[in-house]
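See structure below.
Structural data, given as structure tokens:
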């Protein structure tokens, strides 16, 4: 009990010290420096609430972030919004300077990329729905690999027989692909302009508008930690029974249409 009281006392004292130090920086210029320091030190995007908790009372965090974003717009490092958070990162046109410093990553197979695209555009989506859209069973290990990248997550359970798990994208997906919001994914015209779709498409062809990443759909129930662990174990067991996965930079076993494709 005494140790608990000491820890609480130390935490309260530390918080008081933070608050007393914060009051020193009352000017807007100082507040800009504070926000900049928080963003620079953060390993993950910071949302406005997290920043506001460390700022003087009454600080207009939204306006401060907007001003910093403008200040950084023409510099080698930009302030970018990623989902609900903000982070400093290398300007897009200077990314080539860092390529030699990056650890070489194996590419995802064509089947894995197709699965990722389906999840991004159709979320929330179940494994069976992914297979229906692709027209082929998901290769062993694909969902495991995408979950390990941190680009997709288990969202919830569909209110249908069997209560299948639904999948969606994550803030890490937005960050990796330099998207502010999931709705910023390219549409038909943009994909055609990039040469990723044929110029002449069937009249009924359409790309769905991506849904909100966080909010559950009307036909979804939330997943608790126990359910996620159980589903992860089931996925691993199912994949193990099918054999090792050739998901990275090569064949996609189990995808008859992809077996000889390289990404």
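Numbering (this note's numbering), first residue to last: 1121 to 1383. We treat Cβ as the ideally placed atom computed from N, Cα and C, and that holds for glycine. Because the structure is a prediction, the values reported are computed rather than measured.
Counting beta carbon pairs with one atom in the region 1191–1200 and one in the region 1229–1244, are three or more of them shorter than 8 Å?
Here the region 1229–1244 makes no contact with the region 1191–1200; the two share fewer than three CB pairs at distances below 8 Å.
C-beta atoms of residue 1288 and residue 1275 nearer than 8 Å
Remark: C-beta atoms of residue 1288 and residue 1275 approach each other more closely than 8 Å.
What residues in its chain sit with their C-beta under 7 Å from that of residue 1238, if we drop five residues either side in the sequence?
The answer, listed in chain order, is 1245, 1250, 1253 and 1254.
Rounded to whole angstroms, what's the CA-CA distance from residue 1338 to residue 1150? Just pull it up for me.
Cα-Cα distance, rounded: 45 Å.
Distance, Cα to Cα, residue 1243 vs residue 1147?
If I take the Cα positions, the gap works out to 44 Å.
Start and end of the beta strand (DSSP E) containing residue 1272?
Per DSSP, residue 1272 belongs to the beta strand (DSSP E) from 1272–1278.
Alpha helix (DSSP H) containing residue 1186: first to last residue?
Looking at the DSSP string, the run of the alpha helix (DSSP H) that includes residue 1186 is 1181–1192.
Classify residue 1289 as helix, strand or coil using the three-state DSSP reduction.
Residue 1289: strand per DSSP, three-state reduction.
Rounded to whole angstroms, what's the CA-CA distance from residue 1210 to residue 1196? Just pull it up for me.
So the alpha carbons of these two residues sit roughly 6 Å apart.
Output yes if chain D places a C-beta closer than 8 Å to the C-beta of residue 1241; else output no.
This model lacks chain D altogether, as it is built from one protein chain only.
For a test of the three-state rule: what should DSSP assign to residue 1234, helix, strand or coil?
Three-state result, residue 1234: helix.
Separation of residue 1264 from residue 1272, as counted between CA atoms
Taking the straight line joining both Cα atoms gives about 10 Å.
What number of angstroms, rounded off, separates the C-alpha of residue 1257 from the C-alpha of residue 1247?
If I take the Cα positions, the gap works out to 9 Å.
Nearest-angstrom Cα distance between residue 1208 and residue 1309?
Their Cα atoms are separated by approximately 30 Å.
Please work out which residues of its chain come closer than 8 Å, Cβ to Cβ, to residue 1305, disregarding the five sequence neighbours upstream and downstream, and give them in chain order.
Apart from the 5 residues on each side of it in sequence, residue 1305 sits with its Cβ closer than 8 Å to the Cβ of 1240, 1241, 1299 and 1330 in its chain, given in chain order.
Quick test of your reading: residue 1152 and residue 1158, contact by CB under 8 Å. State the CB separation rounded to the nearest angstrom.
Between residue 1152 and residue 1158 the beta-carbon gap is near 11 Å, outside 8 Å, which marks them as no contact.
Output the distance between the C-alpha atoms of residue 1186 and residue 1214, rounded to the nearest integer angstrom.
Distance between the alpha carbons of residue 1186 and residue 1214 is about 22 Å.
Residues of its chain near residue 1266, where Cβ-Cβ distance is below 7 Å and the 5 sequence neighbours each way are ignored:
Excluding positions up to five away in sequence, the list reads 1232, 1235, 1236 and 1272.
Beta-carbon separation (whole angstroms), residue 1156 vs residue 1188, contact threshold 8 Å
So it is a contact: roughly 6 Å between Cβ atoms.
Can you have a look at residue 1293 and say buried or exposed, based on whether 16 or more other CB atoms are within 10 angstroms of its CB?
By the 10 Å Cβ count, residue 1293 comes out buried.
With 16 as the cutoff for other CB atoms within 10 Å, does residue 1281 come out buried or exposed?
Residue 1281 is exposed by the Cβ-count criterion.
Taking C-beta to C-beta, are residue 1290 and residue 1270 nearer than 8 Å?
Judged by beta-carbon spacing, residue 1270 lies within the 8 Å limit of residue 1290, meaning their Cβ atoms are closer than that value.
Just verifying my parser: in three-state terms, what is the DSSP assignment at residue 1256?
In the three-state scheme derived from DSSP, where H, G and I count as helix and E and B as strand, residue 1256 is classed as coil.
Three-state class that DSSP yields for residue 1267 in the structure shown
Residue state, collapsed to three classes: helix.
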